[in-house]
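Here the structure is laid out as structure tokens; the discussion comes afterwards.
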Amino acid sequence: MQLFIQGLTPSVLDVDGQETIAQIKNRLLSSGNADDDAILTVWVNGVAVEDSCLASELASNQLDITVSLPGGKVHGSLARAGKLI
1 MQLFIQGLTP SVLDVDGQET IAQIKNRLLS SGNADDDAIL TVWVNGVAVE DSCLASELAS
61 NQLDITVSLP GGKVHGSLAR AGKLI
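Residues in the sequence shown are numbered from 1 upward in steps of one, following UniProt numbering.
Right under this line is the structure:
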């Protein structure tokens, strides 16, 4: 089966249907489109998909991939937001 990947650049990935989302993520990372330590999230129809889900169980063959951005220290007024004095 073919999965249509929407990310920074659209691509098509051939899978056998028995691959897990975790295995698909590893294939995407090894293709060099993202850093090896990047955290990918796979979305199908607006819902995040678990890593243990099989490709054959997906509701659609169109996947949206997002890469999590590293966080950091909050500065200024955002650090004080919500604090009661």
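Positions of the beta carbon are idealized from the N, C-alpha and C atoms, including for glycine.
- The beta-carbon separation of V15 and L40, rounded to 15 Å, does not stay under the 8 Å limit for a contact.
- Taking 8 Å as the cut-off, the Cβ atoms of N45 and L3 do not count as close.
- R27 is a Cβ neighbour of L13, given a cutoff of 8 Å.
- Distance from the CA of E57 to the CA of G71, rounded to the nearest whole angstrom, comes to 32 Å.
- In this structure, DSSP gives S56 a helical state, which the three-state scheme calls helix.
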